[in-house]
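Written out below as structure tokens is the structure these notes cover.
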């Protein structure tokens, strides 16, 4: 054992999945005891709160971790061990459940920040603890060197706005480092979101504000987003003043939730201006909540706005406009068909509406109308695309496509018409959830 090089011993330890087994190797001999505590043994390991029996020894002995998962409140000695450990994690996942544990979460974050390896934080907060949330958000805002930050607040959207958020955040001074930021935006988190967008504008590349509270009061968010120098991807609802993002020339991906209540018509009008002017966009997704049912509804004009300039360079367009009642509803079909000739760069189109027969869209597509189009996805009611063995339809009786037979109930039927041996950007392998059928033209 003493003559074996460290690399060989590290390979052996890497085969041990259980952290307790790794720590037990310290008892074999002095040489292995020393190698067991090397950073190379632990830098790719993850500690989960679902395996509490070995958490405290690892936090006491291991020099580092890839990821530390924490669920607060924690039982026994773990709660104090999380905040006092010398084990440095590069990623931290915390779930804060209860009214008395946001201070513990803040202490854990501060401890990991002091150890120097922390680069990514994911935290889920129960907003019923609203009085303490600003302190925790302030801790996150002042944590340096983070590259990715995700904050999810669950609970009531109408939690009262704390009285001290500005003071907590105003004391934070950080150097811009974040590249990816996700946080649901509502009154409780708005000061925090504003701070992050402002202080990390020089480095942010992706901003995700999904599951946010639709509000016309968030008037400062869009201008702050427009000032993010290298913003490439934005996920959000229709915020007031989004036409300002036209100036953001790096923005290539826009994922929008379109709230269709008449109250939001002014904000949606700003989005329409953005879609008309933003020639830099390469991928656009429009998800309607609730679904529009006529062309007069708020947001129905966005598809036409995207195509109106004739200079759009969008390559991927996804539209989600289906209703849970499954009643036929496809008001956006005709605007999409009409827009295709003006979307000459479009390679991928997805349209989800409550339409039982997508023939109108498929028949409208040809090389003259959509010369670059490579893939089209349409929504079909799953109950209408599968037959029971004892109730086979006329097409199933032909038994001509064995690849459509599947033991699993759910899969995506797909067709392609090019030479099966030709190169294709799509994966036609049968082991995926997509089942591809060759239908020659």
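Numbering (UniProt numbering), first residue to last: 1 to 441.
Ideal Cβ placement from N, Cα and C applies to all residues, glycine included.
A quick note: this is a predicted structure, and the numbers were derived from the prediction, not measured.
Apart from the five residues just before and just after residue 212, which ones in its own chain have a Cβ nearer than 7 Å to its Cβ? 184, 185, 186, 236, 237
If we cut at 8 Å on Cβ distances, does residue 23 have a partner in chain D? Among the protein chains of the structure shown there is no chain D, as only one such chain exists.
When you compare the CB positions of residue 46 and residue 69, do they come within less than 8 Å of one another, or not? yes
Based on the DSSP secondary-structure assignment, which residues constitute the bridge partners of residue 259? 289
Helix, strand or coil: how does DSSP classify residue 427 here? coil
Would DSSP call residue 191 helix, strand or coil? helix
Nearest-angstrom Cβ-Cβ length linking residue 246 and residue 274, presumed shorter than 8 Å: 6 Å
Keeping to the same chain, check which residues put their C-beta closer than 6 Å to that of residue 200; ignore five residues upstream and five downstream. 176, 178
Is it true that the CB of residue 228 sits closer than 8 Å to the CB of residue 248? yes
Restricting to Cα atoms, I'd like to know which of 311, 422, 206, 290 is closest to residue 329. 290
Beta-carbon gap between residue 93 and residue 64 smaller than 8 Å: no
Have a look at 115, 84, 77 and flag the residue whose alpha-carbon is nearest the alpha-carbon of residue 91. 115
Pairwise C-alpha distance: residue 56 and residue 424: 51 Å
Within the same chain, show all residues whose beta-carbon is closer than 6 Å to that of residue 268, passing over the 5 residues directly before and after it, in chain order. 238, 298, 299
So what does residue 364 bridge to, in DSSP terms? Bridge partners of residue 364: none, in fact.
Classification of residue 310 by the beta-carbon crowding that lies within 10 angstroms, buried from 16 upward: exposed
Can you tell which of 354, 366, 352, 362 has its C-alpha closest to the C-alpha of residue 341? 366
Give the DSSP-derived three-state secondary structure of residue 350 in the structure shown. strand
Short of 6 Å in beta carbon distance, which residues of its chain neighbour residue 335, apart from the five on each side in sequence? Order them along the chain. 303, 304
Can you tell me whether residue 113 is buried or exposed, with buried defined as 16 or more other CB within 10 angstroms of its CB? buried
Tell me which residues share the same chain as residue 145 and place their Cβ nearer than 6 Å to its Cβ, disregarding the 5 neighbours each side in the sequence. 177
Buried/exposed call for residue 123, threshold 16 Cβ in 10 Å: buried
From residue 344 to residue 315, what does the alpha carbon distance come to, in whole angstroms? 9 Å
Do you know how far the Cα of residue 126 is from the Cα of residue 165? Since pLDDT at residue 165 reaches only 47, below the 50 mark, its modelled position is unreliable, and the value read off the structure follows with that caveat. If I take the Cα positions, the gap works out to 17 Å.
Label residue 167 either buried or exposed according to how many other C-beta atoms from any shown protein chain fall within 10 Å of its C-beta, with 16 as the threshold for buried. Any reading at residue 167 must be qualified, since the residue scores a pLDDT of 48, below 50, and its modelled position is unreliable; the value itself is stated next. That one is exposed.
Residues near residue 48 by beta carbon distance below 7 Å, same chain, minus five either side: 69
Could you compute how far the alpha carbon of residue 60 sits from the alpha carbon of residue 76? 15 Å
For residue 353, which residues of its own chain have a beta-carbon under 7 Å away from its beta-carbon, when the five flanking residues on both sides are left out? 321, 322, 329, 330, 332, 333, 379
Alpha carbon to alpha carbon, what distance is there between residue 110 and residue 132? 16 Å
CB-CB under 8 Å to residue 327, same chain, minus the five flanking residues each way: which ones, in chain order? 354
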